[in-house]
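Student:
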Amino acid sequence: MDISSGAAVRSHCVGTTAVVYASDYLNKLTGEKIERECRRQLDSGCRALVIDFADTQLVNSIGISILLGIIDIAEKNGAQVVFSDVNNQTIELFDMLGLTRHVALAKDEREALSHLSGFDSTPTLH
Amino acid sequence: MNGSSSSENSGPVLGRVTRQDFVGRVAELDRVVAQASEAKKGRGLLLLMEPSAGVSELLRQTYDYLFNKRSEVIPIYFAFTRNETTAVSAAIEFLNSFLQQYIAFRRNEPALCHAALTLQDLVELAPPADLEWIEQLVQLYGRVRFSNDNKELVRFCLGAPQRVPNRVGRPFVMLDGAQLAADLNGGVMLGIELLRVFGRSGLSFVLAGLRRQILDAAHTAECNFELLDLLRLEQLTSEEAHRLVDHVAVRQQVATSREARDLLVEEFAGSPFFISSFLQAAREKNIALISYLDCQRLYVDELLGGHLHHHFEELLEETTPQLDKRLALIRVLWEAVVSGEKCASVDSWRRRLQLSANELDEVMHTLHIHEFVNWNGPTVDATTGSQPWKDFLKVNYRLAVLNEPRALVVADALTDSLKRAPHTMARHYKRLAQVDLRDVVTKFDCQQLPRVLFDYGSFSAKYKGASDAELFAGLGSEAEMLKLPQMVHVTSCLAFKSELRQVCEEHKCVVAHGFEDATYSDANEVIWLVAEVESKLEVDADVAEVWYDRLETVAQVFGFRRYQVWLIGNEGFSEAASTALSEHGAFCSNRRQLEVLIAQIGAVSASPVSTTHGTGDADEFLIVVPMGEDNELIAANTVEQIARRLTFQPAAINQIKTAIVEACINASEHSYSPDRKIYQRFRVESDRLVVTISSRGVVPTNVGSGNTNVTKTENDDAARQRRGWGLKLIRTLMDEVEFEKVDDGTSLRMTKYLRNSTG
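Here it is in structure tokens:
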């Protein structure tokens with residue numbers, strides 16, 4: 032496992048949706064980097080967030096608590112949040128801590144963007 | 013002058029330990045030795061000792077160093093003892109010791125210091141070059157001895173070192189236990205005579221004794237303070253005390269554990285006297301000090317009849333020789349301790365003790381000198397004594413005053429001390445791990461800092477999630493700066509408002525008086541009220557308001573004209589809290605801001621220790637990793653390799669890894685660990701993997717709560733609680749989770765069964 036929490040968070044915009052990529056270990060530091068990037072994207076006018084976990088192999092409870100904070104921030108800004116490409120073990124953790132009740136999950140980034148483009152429809156849950 | 017720190021010299025002469033075993037007073041030893049130098053000729057050094065801080069071995073080590081150095085300085089050490097009952101007998105004993113040690117030095121025969129010799133023996137042993145003046149001295153002594161003028165005799169004896177011819181060398185006299193000299197009978201105030209004789213002798217000298225008494229005596233003797241130096245001798249620092257415990261335990265051949273050694277240092281507050289006495293008692297009783305129970309059993313034995321008991325009993329007897337008065341004093345003292353009253357009326361004590369005003373003055377003076385109480389004339393505070401003193405008072409009160417059964421008193425003393433031990437250590441660990449705000453604010457001295465360090469809202473918006481490099485680059489380009497005041501007096505809020513003790517610790521709430529621009533005027537005077545608010549999450553608006561009100565109340569009650577409130581929360585403050593505090597004009601920061609500030613002003617901060625090592629046998633792997641720096645991943649990756657050997661499925665491996673990560677985070681976040689290490693043991697069995705994660709320090713409050721299950725219905729609420737999920741996750745991910753009983757810190761054992769993961 033190649034884990035580095037020092038690198039900047041990758042992100043890009045698709046229309047008014049920001050896609051933010053989580054790193055391989057989601058902990059306090061990397062979680063705060065994601066939060067910061069999400070805040071920046073929302074301040075820049077994005078109306079939806081996709082957080083992609085394709086690279087994420089391990090998460091800890093502090094990282095999860097920060098994700099909840101991001102969901103709160105998005106709610107306050109009237110933005111939707113979708114988590115994409117989350118592995119089964121991580122979904123299990125999200126489920127244990129009730130995160131999946133507050134966020135939509137998508138198979139991958141494309142499905143997440145497609146879901147958001149449909150907007151008011153019910154999210155696909157995995 | 014660092015010569016005394018080296019080990020170049022021969023063995024002990026008067027010292028009871030070798031130079032190598034004398035730990036914790038290196039700087040003080042150098043300082044006392046320096047007093048003997050030519051540059052300090054004619055100057056006295058008053059060694060002002062905190063009670064039980066230990067001074068005798070320091071002086072004996074100084075003696076040995078100077079003896080073995082063989083320079084023109086002739087060391088003389090004299091300790092007043094309780095065996096001497098009059099000033100005259102003490103002075104005669106001094107004369108005898110002086111001549112004996114002088115001749116031992118001149119003949120370079122250390123053994124002479126310990127021989128039983130009469131004055132005539134000493135004359136016969138005198139080297140030819142000294143014979144004439146020593147013979148004259150002894151003849152003169154014979155005349156003065158029978159002159160019936162006690163004062164003249166005392167002065168003659170004390171003045172003997174002045175008779176040493178200059179060509180021979182310079183006597184350097186060290187007097188130990190000056191407080192005992194003051195208590196001698198015989199119409200001569202020996203303590204004051206000592207200062208008068210040596211203060212005018214033209215010789216360098218050291219006078220060591222209890223700090224509250226020595227200064228009084230120097231004033232009474234009308235000493236010329238321009239010719240006196242002062243050295244304050246307080247308890248050992250934590251690090252020095254640990255070294256002392258290690259050395260004494262080895263010397264006394266007492267087996268100890270790390271946990272027990274730490275407890276001794278804390279229980280005895282770094283007192284060399286108490287620590288040494290305690291370890292001596294362990295040797296005498298052939299007791300190993302491994303667990304807290306070992307330590308506290310011996311402690312209670314000591315309180316009831318050991319060295320500790322005799323020490324305090326002797327001091328009480330000295331204070332009130334009559335038994336009935338002594339019992340009454342024990343009652344009054346203990347009841348004052350329990351009441352917690354800091355300003356008890358001395359008059360009420362006099363009535364309860366049925367003493368005359370003069371008798372009471374003497375009692376109060378002795379108690380004050382030994383720092384059992386703080387006495388300022390009309391009022392007395394008995395709450396300030398050391399913990400061993402209070403424990404001694406309590407057991408004696410119950411035994412001698414209440415006549416309770418001894419077995420009950422012993423049992424209660426033991427259970428109480430056992431219950432107290434983890435709290436004692438917890439306070440210590442918290443102190444180690446946390447920033448002492450007093451140290452930080454004391455360093456304020458007109459430095460210019462980015463204002464954003466005092467405004468969490470702005471800091472969070474700009475720098476949350478930023479790397480250190482990004483943060484420091486950003487701070488470097490901040491335009492808005494704040495000039496700190498120069499702080500001139502910093503103390504705990506508790507000194508102003510003791511009720512705050514219920515909501516915060518001493519070092520976490522500070523009142524600091526200072527001046528802006530270091531300009532000492534009313535207009536520039538400002539008082540900072542600083543508090544660290546405990547919270548694992550951002551501090552919310554309600555809590556922030558409560559703290560602001562607390563500090564504002566202090567400012568109003570004490571009439572602070574201009575004040576600045578600054579609140580610090582580990583994880584910062586919610587948006588609403590930041591806004592509310594900003595509207596009050598208060599500052600707020602999180603831990604990261606505080607750490608940057610500390611780095612910028614050069615204040616002291618707790619710094620973690622990092623060490624790694626590992627070992628193990630065929631079925632067991634042990635690794636130790638330093639806390640922090642994502643080191644939990646090292647443990648997670650290690651367990652992954654081990655779990656694969658047992659053919660755990662990937663999902664189960666991920667669960668084990670996550671549980672270990674959470675256990676490591678718990679250990680790092682909550683333990684206040686003194687060594688900042690996580691000890692991990694992985695034991696492979698045929699059908700299971702057993703992982704034990706241990707750390708030293710404080711036991712988290714949720715340990716042993718029995719909160720073992722997390723149901724899905726709880727999750728929604730839990731999700732909004734944000735933190736404190738670690739243990740719940742661990743219990744869900746692993747098959748068995750159990751906290752093992754350890755004296756110090758926590759040890760979490762987690763088991764994952766192979767059959768569960770393959771099913």
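So the sequences go chain by chain: E and Z. Here the working numbering runs 31 ahead of the position in the first sequence, where the first position is 1. Here the working numbering runs 12 ahead of the position in the second sequence, where the first position is 1. Even glycine gets a Cβ: it sits at the ideal position worked out from N, Cα and C.
Is any heavy atom in the ligand MG found nearer than 6 Å to the beta carbon of Z:N178?
Tutor: Absence of the ligand MG from the depicted structure is noted, as is the absence of any ligand whatsoever, leaving it without description.
Student: Report yes or no: is there a C-beta of chain Z within less than 7 Å of the C-beta of E:S92?
Tutor: Residue numbering aside, residue 92 of chain E sits at position 61 when the first sequence is read from its first letter. True, the Cβ-Cβ gap to chain Z drops below 7 Å.
Student: Can you tell me where the beta strand (DSSP E) holding Z:V385 begins and where it ends?
Tutor: For the purposes of this step, residue 385 of chain Z is taken as residue 373 along the second sequence, with counting starting at 1. First-last for Z:V385: undefined, no H or E at that position.
Student: Are any of the Cβ atoms in chain E nearer than 7 Å to that of Z:L70?
Tutor: For the purposes of this step, residue 70 of chain Z is taken as residue 58 along the second sequence, with counting starting at 1. For Z:L70, the answer is no, since every Cβ of chain E falls outside 7 Å of its Cβ.
Student: With burial defined as no fewer than 16 other Cβ atoms inside 10 Å of the residue's Cβ, what is the status of Z:Y114: buried or exposed?
Tutor: Mapped onto the second sequence, residue 114 of chain Z falls at position 102. So Z:Y114 counts as buried.
Student: Please classify Z:T670 as buried or exposed, where buried requires at least 16 neighbouring CB atoms within 10 angstroms.
Tutor: Mapped onto the second sequence, residue 670 of chain Z falls at position 658. Looking at its Cβ environment, which holds 16 or more other Cβ atoms inside 10 Å, Z:T670 is buried.
Student: According to DSSP, which residues form a beta bridge with E:D139?
Tutor: As a first step, residue 139 of chain E is located in the first sequence; it is residue number 108 there, counting from the start. None, per the DSSP bridge assignment.
Student: Please compile the residues from chain Z whose C-beta is within a distance smaller than 8 Å of the C-beta of E:Q162.
Tutor: Residue 162 of chain E is absent from the structure shown; chain E starts at 32 and stops at 157.
Student: Could you name the residues of chain E that Z:E674 contacts, counting a contact when the two beta carbons are closer than 7 Å?
Tutor: What you label residue 674 of chain Z is simply residue 662 of the second sequence in a count that begins at 1. Within 7 Å Cβ-Cβ: N91, S92.
Student: Quick one: is Z:R244 buried, meaning 16 or more other Cβ sit within 10 Å of its Cβ, or exposed?
Tutor: Taking the first residue of the second sequence as 1, we reach residue 244 of chain Z at position 232. Its Cβ having fewer than 16 others within 10 Å, Z:R244 is exposed.
Student: Roughly how many angstroms lie between the CA atoms of Z:V392 and Z:A675, to the nearest whole one?
Tutor: Translated into the one-based positions of the second sequence, residue 392 of chain Z becomes position 380. Translated into the one-based positions of the second sequence, residue 675 of chain Z becomes position 663. In a straight line, the C-alpha of Z:V392 is about 50 Å away from that of Z:A675.
Student: Assign E:A79 to one of three DSSP states: helix, strand, or coil.
Tutor: Here the question's residue 79 of chain E lines up with position 48 in the first sequence. DSSP places E:A79 in strand when its eight states are reduced to three.
Student: Expressed to the nearest angstrom, what Euclidean distance is found between the alpha-carbon atoms of Z:T623 and Z:C516?
Tutor: Numbered from 1 along the second sequence, position 611 holds the residue referred to as residue 623 of chain Z. Numbered from 1 along the second sequence, position 504 holds the residue referred to as residue 516 of chain Z. Note that Z:T623 has pLDDT 33, beneath the 50 cutoff, so the model's placement of it is unreliable and the number below is only indicative. Answer to the nearest angstrom: the Cα atoms are 32 Å apart.
Student: Identify whether Z:D188 lies in helix, strand or coil by the three-state DSSP scheme.
Tutor: In the second sequence, the residue the question calls residue 188 of chain Z occupies position 176. Z:D188: strand per DSSP, three-state reduction.
Student: Throw me the rounded Cβ distance for the Z:V447 and Z:I610 pair, which I believe falls under 8 Å.
Tutor: In the second sequence, residue 447 of chain Z corresponds to position 435, counting from 1. In the second sequence, residue 610 of chain Z corresponds to position 598, counting from 1. Contact holds; Cβ gap of about 7 Å.
Student: Which of the residues in the segment 51-69 of chain E, read from start to end, lie with their CB under 7 Å from any CB of chain Z?
Tutor: Correct list: Y56, N58, E63, K64, E66, R67.
Student: Helix, strand or coil, according to DSSP, for E:A105 in the structure here?
Tutor: In the first sequence, residue 105 of chain E corresponds to position 74, counting from 1. Note: E:A105 maps to helix in three-state DSSP.
Student: Looking only at its own chain, which residues have a Cβ that is under 7 Å from the Cβ of Z:T232, when we skip the five neighbours before and after it?
Tutor: If you number the second sequence from 1, residue 232 of chain Z lands on position 220. Around Z:T232: I204.
Student: Please classify Z:T627 as buried or exposed, where buried requires at least 16 other C-beta atoms within 10 Å of its C-beta.
Tutor: Translated into the one-based positions of the second sequence, residue 627 of chain Z becomes position 615. Confidence in Z:T627 is poor, its pLDDT being 36 and thus under 50, which makes the residue's placement unreliable; the coordinate value appears in the next sentence. Exposed, because fewer than 16 other Cβ atoms sit within 10 Å of the Cβ of Z:T627.
Student: In the DSSP assignment, find the unbroken alpha helix (DSSP H) run with E:D74 in it and report its ends.
Tutor: Within the first sequence, numbered from 1, the residue matching residue 74 of chain E stands at position 43. E:D74 -> alpha helix (DSSP H) spans 59-74.
Student: What would DSSP say about Z:P497, mapped onto helix, strand or coil?
Tutor: Taking the second sequence and counting its residues from 1, the one referred to as residue 497 of chain Z is at position 485. Coil at Z:P497, not helix or strand.
Student: Specify, as a first and last residue, the run of the alpha helix (DSSP H) that E:F125 falls within.
Tutor: Looking up residue 125 of chain E in the first sequence gives position 94. Element bounds for E:F125: 119-127.
Student: Any beta carbon of chain E sitting closer than 7 Å to that of Z:K764?
Tutor: Locating residue 764 of chain Z in the second sequence gives position 752, where the first residue counts as 1. Not closer than 7 Å to any Cβ of chain E, the Cβ of Z:K764 fails to qualify, so no.
Student: Is Z:Y575 closer than 7 Å to Z:S429 when the C-beta atoms are compared?
Tutor: Within the second sequence, numbered from 1, the residue matching residue 429 of chain Z stands at position 417. Within the second sequence, numbered from 1, the residue matching residue 575 of chain Z stands at position 563. No, they are not a contact pair.
Student: In whole angstroms, what separates the C-alpha of Z:Y560 from that of Z:Q514?
Tutor: Here residue 560 of chain Z corresponds to residue number 548 of the second sequence, with the count starting at 1. Here residue 514 of chain Z corresponds to residue number 502 of the second sequence, with the count starting at 1. Each residue's alpha carbon lies about 16 Å from the other.
Student: Where does Z:D226 fall in DSSP's three states?
Tutor: Residue numbering aside, residue 226 of chain Z sits at position 214 when the second sequence is read from its first letter. In the sequence on display, residue 226 of chain Z carries Ile and not Asp. Three-state result, Z:I226: helix.
Student: Short of 8 Å in beta carbon distance, which residues of its chain neighbour Z:L341, apart from the five on each side in sequence? Order them along the chain.
Tutor: Along the second sequence, read from residue 1 onward, the residue named residue 341 of chain Z stands at position 329. Answer for Z:L341: L328, T331, T332, L365, V375, listed in chain order.
Student: Would you identify the three-state DSSP class for Z:R295, choosing helix, strand or coil?
Tutor: Here the question's residue 295 of chain Z lines up with position 283 in the second sequence. Helix, per DSSP.
Student: DSSP three-state label for E:H133, please.
Tutor: Counting from one through the first sequence, the residue named residue 133 of chain E turns up at place 102. Coil.
Student: Taking Cβ-Cβ distances below 8 Å as the criterion, which residues of the segment 362-392 of chain Z are in contact with chain E?
Tutor: Listed by position, the residues of the segment 362-392 of chain Z near chain E (Cβ gap below 8 Å) amount to none.
Student: So if DSSP puts Z:I89 in a beta bridge, which residue, or which two residues, is it bridged to?
Tutor: Translated into positions along the second sequence, residue 89 of chain Z becomes position 77. In the sequence on display, residue 89 of chain Z carries Tyr and not Ile. Per DSSP, Z:M186.
Student: Is there a Cβ from chain Z that is less than 7 Å from the Cβ of E:Q120?
Tutor: In the first sequence, the residue the question calls residue 120 of chain E occupies position 89. Yes, contact with chain Z.
Student: Can you tell me whether Z:W401 is helix, strand or coil according to DSSP?
Tutor: The residue you call residue 401 of chain Z lines up with position 389 of the second sequence. Looking at Z:W401 - three-state DSSP - the assignment turns out to be helix.
Student: With a Cβ-Cβ cutoff of 7 Å, do Z:F508 and Z:F599 count as a contact?
Tutor: Counting from one through the second sequence, the residue named residue 508 of chain Z turns up at place 496. Counting from one through the second sequence, the residue named residue 599 of chain Z turns up at place 587. The answer is no: Cβ separation not under 7 Å.
Student: Quick one: is Z:K495 buried, meaning 16 or more other Cβ sit within 10 Å of its Cβ, or exposed?
Tutor: On the second sequence, position 483 is the one that residue 495 of chain Z refers to. Exposed.
Student: Does E:V51 come out as helix, strand or coil in the three-state DSSP assignment?
Tutor: Sequence index remark: in the first sequence, residue 51 of chain E carries index 20 (1-based). Three-state result, E:V51: strand.
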